[in-house]
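Undergrad: I have a structure I would like to understand better, so I am pasting it below and will then ask my questions one at a time.
2 protein chains.
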Amino acid sequence: MDIYPFRHTLSVPDVFQLLAEPSRRRLLDALRDGERSVNDLVDRTHMSQPSVSKQLRILRVSGVVSLRSEGRHHLYSIRGRSLREASDWLSYYERFWREGLDRMDEVLQRGPRPRTRRKP
Amino acid sequence: MDIYPFRHTLSVPDVFQLLAEPSRRRLLDALRDGERSVNDLVDRTHMSQPSVSKQLRILRVSGVVSLRSEGRHHLYSIRGRSLREASDWLSYYERFWREGLDRMDEVLQRGPRPRTRRKP
DNA sequence: TGGTTGCATACGTAAATGGACATATATCCC
DNA sequence: GGGATATATGTCCATTTACGTATGCAACCA
Numbered sequence: 002m003d004i005y006p007f008r009h010t011l012s013v014p015d016v017f018q019l020l021a022e023p024s025r026r027r028l029l030d031a032l033r034d035g036e037r038s039v040n041d042l043v044d045r046t047h048m049s050q051p052s053v054s055k056q057l058r059i060l061r062v063s064g065v066v067s068l069r070s071e072g073r074h075h076l077y078s079i080r081g082r083s084l085r086e087a088s089d090w091l092s093y094y095e096r097f098w099r100e101g102l103d104r105m106d107e108v109l110q111r112g113p114r115p116r117t118r119r120k121p
Numbered sequence: 002m003d004i005y006p007f008r009h010t011l012s013v014p015d016v017f018q019l020l021a022e023p024s025r026r027r028l029l030d031a032l033r034d035g036e037r038s039v040n041d042l043v044d045r046t047h048m049s050q051p052s053v054s055k056q057l058r059i060l061r062v063s064g065v066v067s068l069r070s071e072g073r074h075h076l077y078s079i080r081g082r083s084l085r086e087a088s089d090w091l092s093y094y095e096r097f098w099r100e101g102l103d104r105m106d107e108v109l110q111r112g113p114r115p116r117t118r119r120k121p
C-alpha cells in the first residue's frame, strides 16, 4: 500500500470534524514539540497502537500531519496549513469575545429571572 | 419546560465537537450580523425548522448562543466566550503555519534527514 | 373563543465512526 | 534465515447523532 506524502480532504472533509475527536487533538498536542514516532505517540497519549495508527492516518490523508519514514520508524509531524482553515473561520467570531458583544450580560440584567450565577 | 438563560457543557462537552457539525456552523454564520429569530435562521440556512431548533438548543445549552424571548419570537445571538476556547487551542499551533515550520516542504525537497531524537 | 403563527420536542431510523482485538507487513538484528 | 520490533490494516461491535415527520404548546389576533 502506498503512503501519500500529502493529500487534501479524503474521507474526512472538514477540519473541525477532525478536531472534534479528543484522541486526535491529543495526538496533535503530543506533536507540538516536533516529529514523533508512532510508539512515542502511543506512550504520550495512552492510546492503543492501532488507535494511534488509525487516527494518524486520518490526520495524514487530511493533510494535518505529514509522515516521513526512517527505517521501520514512521515519524509524524504537524502540517499547520490545514489547521489554519479552522483558525480563519474562528477569526470571524473573535470580536464576539474581544469587543464584549456578548448579549447575555444584558439579558441577565433585565430578564424576568436574572441569575447571578457566574462561572465557578 | 423552562428555558435556561445560560449553562455550560451539558450533553456536548467540547467546542470542537459543536463546530464539527456544518449545520451548526451555518447557524453561527447566520448569526454573525446580530440576533435572529428562528424562522429567520430557517430561511438563511435552508434547514428545516425542527433541525434549526434542535441545533440551536445544543448551541444554547453549551453556551455558544444565548436566547432572548420577545413575545412568541425567540431571538438568538452569539456568545463568543465558548468559541474562544477553540481559538485558544488553535493558537498553540499558529506557529506551524506562521513560521513555516511545515516539515513537508523540506521532506519533499531534500528527502530524509538525520533524526533529532529528544526523548528516550 | 377559536384559529393561526412561531417554536420546541418526541420518536423512529439510518449513517458515521471510534475502539478492541486479531492479524498482516516491513525492517532490523543475530 | 529466523525472531523481534515497529507499524498498518481488517473486522466486528457499540455508540453517537443528525434528520424527517408528526405533534405539543404558547403567544397573538379577529
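Residue numbers (my numbering), protein chains in the order written: chain A, 2 to 121; chain B, 2 to 121. The beta-carbon is built from N, C-alpha and C at its ideal position, and this holds for glycine as well. Keep in mind the model is a prediction, meaning the values are calculated, not measured.
1) Can you pull the chain B neighbours of residue 56/A, defined as C-beta to C-beta under 9 angstroms?
2) Leaving aside the five residues before and after residue 5/A along the sequence, list all residues of the same chain whose C-beta is less than 6 angstroms from its C-beta, in chain order.
3) From the DSSP output, in three-state form, read off residue 69/A for me.
4) Distance, Cα to Cα, residue 81/A vs residue 39/A?
5) Which stretch, first to last residue, makes up the alpha helix (DSSP H) that contains residue 24/B?
6) I'd like to know whether the C-beta of residue 21/B is nearer than 8 angstroms to at least one C-beta of chain A.
7) For residue 110/A, would you say it is in contact with chain B, using Cβ-to-Cβ distances shorter than 8 angstroms as the test?
8) Let me know the secondary structure DSSP gives residue 37/A once reduced to three states.
9) Give the DSSP bridge partners of residue 77/B, in chain order.
10) Within 10 angstroms of its Cβ, does residue 93/B collect 16 or more other Cβ (buried), or is it exposed?
11) Checking 8 angstroms against the spacing of the C-beta atoms, do residue 97/B and residue 17/A come in under that value?
TA: According to the data block:
1) Those do not exist, as residue 56/A stays about 14 angstroms from chain B at its closest Cβ, beyond 9 angstroms.
2) The predicted model places residue 5/A with a pLDDT of 32, which falls under 50 and marks its position as unreliable, so this point remains unresolved.
3) In the displayed model, residue 69/A falls within a strand according to three-state DSSP.
4) 19 angstroms
5) 23-31
6) yes
7) Confidence in residue 110/A is poor, its pLDDT being 36 and thus under 50, which makes the residue's placement too unreliable to answer from.
8) strand
9) 37/B, 68/B
10) exposed
11) no
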